[in-house]
Structure formats: C-alpha cells, structure tokens
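Novice:
Number of protein chains: 2
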Amino acid sequence: MTDLKDHGKLGSRDREILKDVILTYILSADPVSSRSVAKHGKLGLSAASIRNVMADLEDWGYLMQPHTSAGRVPTAAAYHLFIGSMMEARAVPAKERRYIQENLKGGAADELMGSASHLLSELSSQMGIVVTPAMGETVLKAVDFIPVSGRKVLCIVVSSTGFIDNKVIETEEEIPREELTRISNHLTESFGGHTLREIRERLVRQMVEERAQMDRVLARTIELARSGFSVGETPGVVVDGTSMLLSKPELSDVQRVRRMFEAFADKARLVKILSQCIQGGGVRVLIGEDSELTSELDFSVVATAYAVGDRPLGTLGILGPSRMDYEKIIPLVNFLGETLSRALAEAFSGEPPERR
Amino acid sequence: MTDLKDHGKLGSRDREILKDVILTYILSADPVSSRSVAKHGKLGLSAASIRNVMADLEDWGYLMQPHTSAGRVPTAAAYHLFIGSMMEARAVPAKERRYIQENLKGGAADELMGSASHLLSELSSQMGIVVTPAMGETVLKAVDFIPVSGRKVLCIVVSSTGFIDNKVIETEEEIPREELTRISNHLTESFGGHTLREIRERLVRQMVEERAQMDRVLARTIELARSGFSVGETPGVVVDGTSMLLSKPELSDVQRVRRMFEAFADKARLVKILSQCIQGGGVRVLIGEDSELTSELDFSVVATAYAVGDRPLGTLGILGPSRMDYEKIIPLVNFLGETLSRALAEAFSGEPPERR
DNA sequence: GTTAGCACTCTCATGCTGAGAGTGCTAGTT
DNA sequence: AACTAGCACTCTCAGCATGAGAGTGCTAAC
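Same order as they appear, the protein sequences are chains A and B.
Position 258, counted from 1, in the first sequence is what numbering that gives the first Met the number 0 calls 257; the numbers after and before it change by one each time, with no gaps.
Position 165, counted from 1, in the second sequence is what numbering that gives the first Met the number 0 calls 164; the numbers after and before it change by one each time, with no gaps.
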C-alpha cells in the first residue's frame, strides 16, 4: 500500500513490537491494543510509546485497524515478513512425529492420501488438502484389461507408486479374454517404467509410421492403450477437516461460510492454488492477496510438494484463516510432505530409503 | 405427543387445512398464519374458523407454534401424514429424466456414484448422498495380483458391477510374477459369480479340511485370497451439494451449521441412517424423530435402495431440512434409484435390461 | 356452525444511553 | 531527543425502553 520498500527501516524495536502483535493476534483473534503489548511484551515500554510505533507500522502497511479505537491487526505483508525473517519455527514434537509415521505406514496409495489429509487437519486444526497425482504423469507399473461385456473393456492402470485408476472403454470389435491378457502382459512388460503420457505419444507415433504393415494384434494393442491410458488426466483432491474451520471466529458469519463452501466445491480451483506450490522445494505460503480465494476470505495456504525420487507427484497442505500458527504449521506441513514422499517411495522400492 | 391415534378423526376440512399449511410452509419457511390460509386457501372460510381448526390440529400434535402469536409450523407427524396420504407426487419432468439418463450412462461404477450424488443434489437443491456397496457383498468378476516389491502384493478386486477395490497385502514369502498371474486366473475362473464373503468362507473351510495334503500353490492361493478378499468391508459414502444446505434459512445459525458438519464427518453414521432404507423396496422417508442426526437438526432423509437384479447394492438419497418439497423429491429419488440400478445392470450384462 | 371484533401476547426493529476500550495528541519529564 | 502521563475524542457494544406489527384466543352475535 504505502512504502513497503523500506523494510530496512524497521528498527529492531519496531520488529519486536510487530512480532508481538502478530503472535498475540494469532493466539487471541482479537485486534491487539498498545496496552496489551506494553503489558505482555518483554521490552519495558509504556503503552504510549508502543502506540507511536504501531502508528508507524500502520503507515508502512504492516498493521491496520478495523475501525478507530479498535486494536490493530496484522496485514498480509506483516505475515510475509514474519514468516520470512522473524519467525522461529518449532520443530514437530517427537510425539506427533511418531503419530504421523505410524499412520502413514504401508497401505495402498489412496489410503495414504486419505490419512495424510486427515493428519494435516487433525494436527493443525485447519483444513487439510492433498492433491493426488494426475495419472498421466505417473510411471506405469502394470495394466490390466478385463472384459466387461460385449465390446466393453475395463482398463485398470497401476502406477509404480501404487495409485490405481480405471476406465471403461469400448473397442471396435469384441476381443477375446486371452488376447486381452496377452496384450496387457505385453504392455506391462514393454512399457513399465515410463509415464502414461510418454507411452501414449510413442504409440501414436508408432501407429502413424507403421500404419501400413500393422497386424491386427498390434492395432488392437494400440487401440486399447490409447484409450485406456487417457485415464485420470486431472488430479484429484482429498479434503479433510472442513468442520475445523467452522469453529474459527473468522467464520462466525454464515455468508462467509457459504462463500467458502462454494469456492471449495470447485475442486479445480483448489488444485490450481495448491499447484502454485509444486515448483521449487520446501514449503510455500500463500497469504491473502495471492489468490482470489484466499484474499476474499482472508485465508492462507501452507503447502509443499511430495515426490518420489526427483519426480514431483502432487502437493499437500493446509488452508485456514491467515491468522494461524505458522511457527507450528510450516514445520508440520514440511514434515508431512517428507513423510508422505518416503511412504510412497517405500511402497515403490520395497525397502525404506536410506535416511540421512 | 397427544392423541395421535385418532387420525381417523381428521375431517376432510381439517385435512385440507393441514395440507394447505404444510404446502405453504414448505414454500415460505415462515410459520403460517390462519389469515394466510384463509386468503390463499380454496375453501372460503374466515380466518377465525381456520384458527379453530388449527388449534385442534395443534392439540392433536400436527402443528406447533414457535411462540404464542407466531404462525404455526408442521410437526414430523404432519409430514408423515402428508407423505402417507395427502401428497400428490409430481412425476419427474421429461426434461429432468433425460438429463439424468444422459448423465448416468456408461462410465465406470465409481464415476456413476459421483454423478448420481451430484444429480441428486442438483435437482433437489438438497444434499445428495450415495452409499457405495460394501465390497464383501458384491459378486466377483475378476482378481488381479500385482507384485509390488519384495513380499508385498497389490491385490485388485473387480466386482461384476464394475466396482474396484484394492489393497496391499504382505505374503509370507516372495511369490514370482508368473505364479501370481496363474493364481489370479485360477481364482477369477473358479470363483467368478460368487460374493467375496462366500469365497472367503469357502476357502477357509477348504483350508481346514485339507490342511494335511495342501500343496504349496494351493496354500499360497488361499493365503492371497483370504487377505485380498477382505477388501472394503465397510461401504463408502459419496456426498455432494453440501453448500446447497447452507442457503436454507434453517441453517442461518453458524452453531447449527457446525453441528451438522460434525455429524457428517462421521460417515459411519450416515451409512447407518441411509441403510435403514435398504430393506423393502420403494422410497423411505425418515423425518426428525427417526434418528439422532435428523431430530436434532430438524432434518429429513429421503432414500431408496439401488440394486442389480434382486441383489441390493447400496442406498441413495437426499438429506435436508424437513421442510422440503416431498412431492417432487420422492419421485426424483425413486427415479434416480431405478436409473442407477439400470445403469449398473447395463454395465454388468452389456445390454440394457428389458423395460416394462 | 360460522364469523366479526377485540384484547392480549409475543417478536422485532429502532433509537437512545452509558460504559468501556483504544487511540492520537500534547505537554511535561528524563 | 526519546519517553511517558494525561486527557479528550471516537467508536463499539450491551442493555433498555418503545412502538409497530403480526397472530392468536375468546366471546358474543349471526
């Protein structure tokens, strides 16, 4: 708004006070008054002096008052500054670590997604979100074709990380069971280890090149693979703990609750927001202004990517009012990202990857 | 509350007035006054006479007033009476029929569940719920075992109606890929057409009887089948249109919204409520008193079972404030149940079943 | 059996008031 | 020059009274 450039101008006392305000506000949800900072704060200043500083902080765009003579509330800029350079992350307590690891052990990939989402919401008291990989980007482990009836075939695709997707496709002619089995074995063996997208592209190229001398089996193989592998182009979203948000004071108004739900009904938007976090490692935080959804509601997103090896699969994170305990939540999201990555890798390779 | 036994005592005029009150209330959500019935109603009675009747109806437990000098509101008993003997069901309009049929055509079983739930909520403006079959009760179409790593095997079970469930199981020793394929073929061929529960039971019996002379392959088969077929014992729930409910005037209080969400977080309870409807054909309506959830919130459930052949698979229905348009919603739920059943049967048999 | 009339009750929106909280400013202190 | 005490000012919020409006119940007349 005003001079955000002079971060540097913030003296150490200004920073100390801003930090105090933010921490208090995160805890209380009420606008913070100069008096309460003076009392609670470590620096032995009077309320009046604090007031001066807070007025400056407001000029610089870090604080705002809901109305004259309410206390002051941190802005998005303040949170950014707080997270970037004044926060002291609190490591995830051993107890929670153990709890997470126990609940994220073994199981099929889709169960892992559910557990991760639930853990996020439970441990952060916010809404937990996990974006599952778009099948097209995953590495093929196995294919199976099951004749359903007539020319309909159920195609089941298993990714190397244990995700499963399926689709009913309709072939041009009825294909006998044995041939389906042969084809699926063939595809599994020759294409395992590549992404579905790669495979599709390769098959299409092959089809164009060899159109002339294709035999029937090859033609059928290509037909099946082309339609079958178009499975799950769009990633899914697993959400948990919506009711957590309802107890937050910022959602005491039904209108806001409604707007929130309408926003969430559009899963594609959630995916888009979360996906902003997939690039680059580590945890990313989106506050207010960064997206339509969060700004309208004064919400924030803390998210990170999970991956197997160097292949990013999806994102996971939490969503809640901007006023949240970043010192706890950022390490939590980080840890969950790592643990989920490891759990998936484990399912893949069979052995736990070496720990650093 | 008071003499509900003398339903018979309701004269035709009483019934007419009660019906008017219910219809008006469903439309307006406001307590309805004697005056409005007198004006709007067909019978040319004065407000005073209507008042007398309404006082009687209150004594008999069909109406209640939120407070003296508000209008009156129908009780659960009134709704039951209305649905049982005074409602005129409005057939689903042809346009909606077509819309439903188009959206419930083909596709894999899990997509069908999602579509059905969405259609329910969209067309009723209430929350749509579909309970998916517990895998244990479905008929086996095919099994597949895919080696994951070491002794871990991914077991994929396909039901004859196209539902898929999967599970990672850990075997006692590593089993080579070819043997897994042989075993899955064997199981698929010899047990297709039976329910998972039956198969498990039969295998366990077999294991006990032949314990002595079991060869290794048989032992492994039984091991795999036992653990693999324990898949999906509990049914799933697909919910859609939660935000629809938020616009209802009865949820203008955040506390209620919160209680509702907390109730819904417990999917098991939803399943239990909906499952009360699975027995007996047709549509069932639960109003208020019938369950903890609905009574606390003044909600109702309209649900029916869907089935393939004579085998009931799951239930589907809507949930919303008791004040809902039963004349429209009951036929809607009924039609959706039939259409979903047919769609699933079609996927199963390949041909649309004969129509009556 | 029906209706008109009227007193009564209850809710709800409105406006007022005083208490409380918090600020901004100024003048005085260190 | 930095800090603080004091004070006037502003804004919110809860409580209260008030009056309009809606709806009922009852009674007496048709």
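The beta carbon of each residue, even a glycine, is placed where N, CA and C say it ideally should be.
1) Where does Ala38 (chain B) land, buried or exposed, given buried means 16+ other C-beta within 10 angstroms?
2) Looking at Asp239 (chain A) and Ser120 (chain A), is the spacing between their C-beta atoms short of 7 Å?
3) Taking the C-alpha atoms as reference points, what is the distance between Ala76 (chain B) and Ala46 (chain B)?
4) Indicate, with yes or no, if the ligand SAM has a heavy atom lying under 6 Å from the CB of Thr241 (chain A).
5) When you compare only the Cα positions, how much space is there between Ile317 (chain A) and Val52 (chain A)?
6) So, Tyr78 (chain B) versus Ile286 (chain B), is the Cβ gap smaller than 7 Å?
7) Is the stretch 222-239 of chain A close to the stretch 126-145 of chain A, with three or more CB pairs under 8 Å?
8) By the 10 Å Cβ neighbour count, where 16 or more other Cβ atoms means buried, how is Ser410 (chain B) classified, buried or exposed?
9) The alpha helix (DSSP H) spanning Asp109 (chain A) covers which residue range?
10) Using a Cβ cut-off of 8 Å, which residues of the stretch 250-262 of chain A contact any Cβ in chain B, in chain order?
11) Give me the Cα-Cα distance between Leu343 (chain A) and Ala90 (chain B), rounded to the nearest whole angstrom.
12) Pick helix, strand or coil for Pro351 (chain A), following the three-state DSSP scheme.
13) For a contact meaning CB atoms closer than 7 Å, what does Ile82 (chain A) contact in chain B?
14) Taking 7 Å as the CB-CB limit, is Ala28 (chain B) close to chain A?
15) Just confirm the distance between the C-beta atoms of Phe260 (chain B) and Thr241 (chain A), as a whole number of angstroms; I'd bet it's less than 8 Å.
16) Compare the beta carbon distance of Ala306 (chain A) and Ser340 (chain A) with 7 Å and say whether it is the shorter of the two.
17) If you draw a straight line from the C-alpha of Ala218 (chain A) to the C-alpha of Arg181 (chain B), how long is it?
18) Below 8 Å on the Cβ atoms is my guess for Leu331 (chain B) versus Leu122 (chain B); work out the distance and round it to an integer in Å.
19) Quick check: Val130 (chain B) and Val270 (chain B), are their CB atoms within less than 7 Å of each other?
20) Roughly how many angstroms lie between the CA atoms of Val31 (chain B) and Asp55 (chain B), to the nearest whole one?
21) Sort out for me which residues DSSP pairs Glu173 (chain B) with in a bridge.
22) Which residue marks the beginning of the beta strand (DSSP E) containing Phe263 (chain A), and which one marks its end?
23) Which residue from B:Gly313, B:Gly336 and B:Pro92 puts its Cα closest to that of Glu326 (chain B)?
24) Going by DSSP, what residue range makes up the alpha helix (DSSP H) through Leu223 (chain B)?
25) For Trp59 (chain A) and Val20 (chain A), what's the separation of their Cα atoms in angstroms?
26) On a Cα-Cα basis, can you pick out the residue from A:Lys18, A:Asp13, A:Arg12 and A:Ser11 that is closest to Asp324 (chain A)?
27) For Gly161 (chain B), which of helix, strand or coil comes out of DSSP?
28) How would you label Ala360 (chain A), buried or exposed, when you count the other beta carbons within 10 angstroms and need 16 or more for buried?
29) Roughly how many angstroms lie between the CA atoms of Glu222 (chain B) and His185 (chain B), to the nearest whole one?
Specialist: Reading off the structure:
1) Reading off the sequence shown, one finds Lys at residue 38 (chain B), where the question assumed Ala. Per the 10 Å Cβ criterion, exposed.
2) Contact flag set, yes.
3) 24 Å
4) Ligands are entirely absent from the displayed structure, and the ligand SAM is therefore not among its contents.
5) Spanning the two alpha carbons is a distance of roughly 33 Å.
6) In this structure, Ile286 (chain B) lies closer than 7 Å to Tyr78 (chain B) by Cβ.
7) yes
8) Residue 410 (chain B) is absent from the structure shown; chain B starts at 0 and stops at 355.
9) Ala108 to Ser123
10) Leu250, Ser251, Asp252, Val253, Val256, Arg257, Phe260 and Glu261
11) 51 Å
12) Confidence in Pro351 (chain A) is poor, its pLDDT being 45 and thus under 50, which makes the residue's placement unreliable; the coordinate value appears in the next sentence. If DSSP states are grouped into helix, strand and coil, Pro351 (chain A) belongs with coil.
13) Going along chain B, no residue has its Cβ under 7 Å from Ile82 (chain A), so there is no contact; the nearest lies around 29 Å.
14) In terms of beta-carbon proximity, Ala28 (chain B) stays away from the interface with chain A, with every pair separated by 7 Å or more.
15) 6 Å
16) yes
17) Spanning the two alpha carbons is a distance of roughly 27 Å.
18) Sure, about 6 Å apart at Cβ, within 8 Å.
19) yes
20) 15 Å
21) Answer is none; Glu173 (chain B) lacks a bridge partner.
22) Per DSSP, Phe263 (chain A) belongs to no beta strand (DSSP E); it is in the alpha helix (DSSP H), Val253 to Ala264.
23) B:Pro92
24) Counting along the chain, the alpha helix (DSSP H) containing Leu223 (chain B) begins and ends at Arg215 to Gly227.
25) 15 Å
26) When only C-alpha atoms are compared, the closest one is A:Lys18.
27) coil
28) The displayed coordinates of chain A run from 0 to 355. Any statement about residue 360 (chain A) would go beyond what the structure contains.
29) 14 Å
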